[in-house]
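Asks: Before I ask anything, here is the structure I am working with.
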Amino acid sequence: MSQSTTVLFGLPGVRVQRVERDESGGRVVHVETAADTAAAGCPGCGVVSTSVKQNVITAPRDLPYGEGGISVVWHKTRWRCVEATCARVSFTEAIGEVPAGMRTTGRLRRAMGAAVGDACRSVAEVAGAFAVSWPTAHASFVEHADTLLTRPEPTRVLGIDETRRGKPRWVRDSDTGPWLRIDPYDTQCMLMRWAPGRWSDPSLRGRTRRA
Ligand SMILES: [Zn+2]
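114 is the number of the first residue of the sequence shown in this note's numbering; add one for each residue after it.
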């Protein structure tokens with residue numbers, strides 16, 4: 114297969130071997146790991162292996178390409194790690210676009226994440242459009258959001274409206290015990306339980322005071 118097909122396919126880290134039709138007429142793109150990647154580096158020790166254990170095939174889900182979409186078949190190698198001090202016995206090739214354990218390409222996940230997070234499309238609609246499951250589309254959105262969102266500044270002031278719903282009730286803990294006031298929706302009671310050590314802080318108690 115010419116280099117042009119690899120350029121047209123455009124997935125970094127792989128080279129297109131051939132493109133064929135499956136029995137339903139769909140296009141199947143067979144790729145192999147590009148020779149210029151560090152995919153043969155052991156994830157345990159980093160040493161590049163030259164000892165082949167076996168050849169394996171995976172089918173990562175990729176972006177649609179044209180109206181009919183495509184299927185990807187990745188022919189890759191499982192290598193032995195021959196480093197005496199390394200705990201890994203073997204490992205399978207991985208590339209940046211398809212890290213170990215991933216069954217989707219990075220460009221597909223980025224597209225789904227942007228579709229949900231930036232274009233405000235629903236997760237279910239995006240999952241259907243890209244032919245993946247709802248959890249896969251949602252995980253892509255979370256991954257997309259994690260790359261954009263930063264940690265918020267620490268909260269300086271915590272504002273809580275004091276509310277109450279319904280009447281308080283009094284119950285006896287036991288036949289001889291004290292009467293206890295049950296007031297489950299009282300914000301003050303909840304706050305005292307949530308932050309008992311900080312209740313003496315004036316900023317928490319200043320219900321009418323400006324912080
Ligand atoms: Zn190793």
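Here a beta-carbon is modelled for each residue, glycine too, at the ideal position from N, C-alpha and C. Treat the numbers as computed from the prediction; the structure is a model and nothing was measured.
(1) Taking 7 Å as the cut-off, is the beta-carbon of Gly206 closer than that to any non-hydrogen atom of ligand 1?
(2) Which of the three DSSP states is assigned to Val195 in this structure?
(3) With a threshold of 7 Å (Cβ to nearest heavy atom), would Val161 be considered close to ligand 1?
(4) Hey, could you find the ends of the alpha helix (DSSP H) Ser117 is sitting in?
(5) How big is the Cα-Cα spacing for Gly138 and Pro177?
(6) List the DSSP bridge partners of Lys189.
(7) Can you find a heavy atom of ligand 2 that lies under 7 Å from the Cβ of Glu133?
(8) Tell me, which residues are paired with Arg174 by DSSP?
(9) For Arg282, which residues in the same chain have their Cβ closer than 6 Å to its Cβ, ignoring the five residues on either side in sequence?
(10) In chain order, what residues have a CB nearer than 5 Å to some heavy atom of ligand 1?
(11) With respect to the alpha helix (DSSP H) encompassing Val239, which residues constitute its N-terminal and C-terminal limits?
(12) Between the Cα of Val141 and the Cα atoms of Thr118, Pro125, Gly157 and Val160, which residue gives the shortest distance?
(13) Around the C-beta of Asp175, are 16 or more other C-beta atoms found within 10 angstroms, so that it is buried, or is it exposed?
Replies: In short:
(1) In the sequence on display, residue 206 carries Glu and not Gly. No; taking the cut-off as 7 Å, the Cβ of Glu206 has no heavy atom of ligand 1 nearer than that.
(2) coil
(3) no
(4) Gln116 to Phe122
(5) 15 Å
(6) Val169
(7) Among the ligands modelled here, namely ligand 1, ligand 2 does not occur.
(8) Thr217
(9) Ile295
(10) Cys155, Gly157, Cys158, Cys194, Glu196, Cys199 and Arg201
(11) Val236 to Ala242
(12) Thr118
(13) buried
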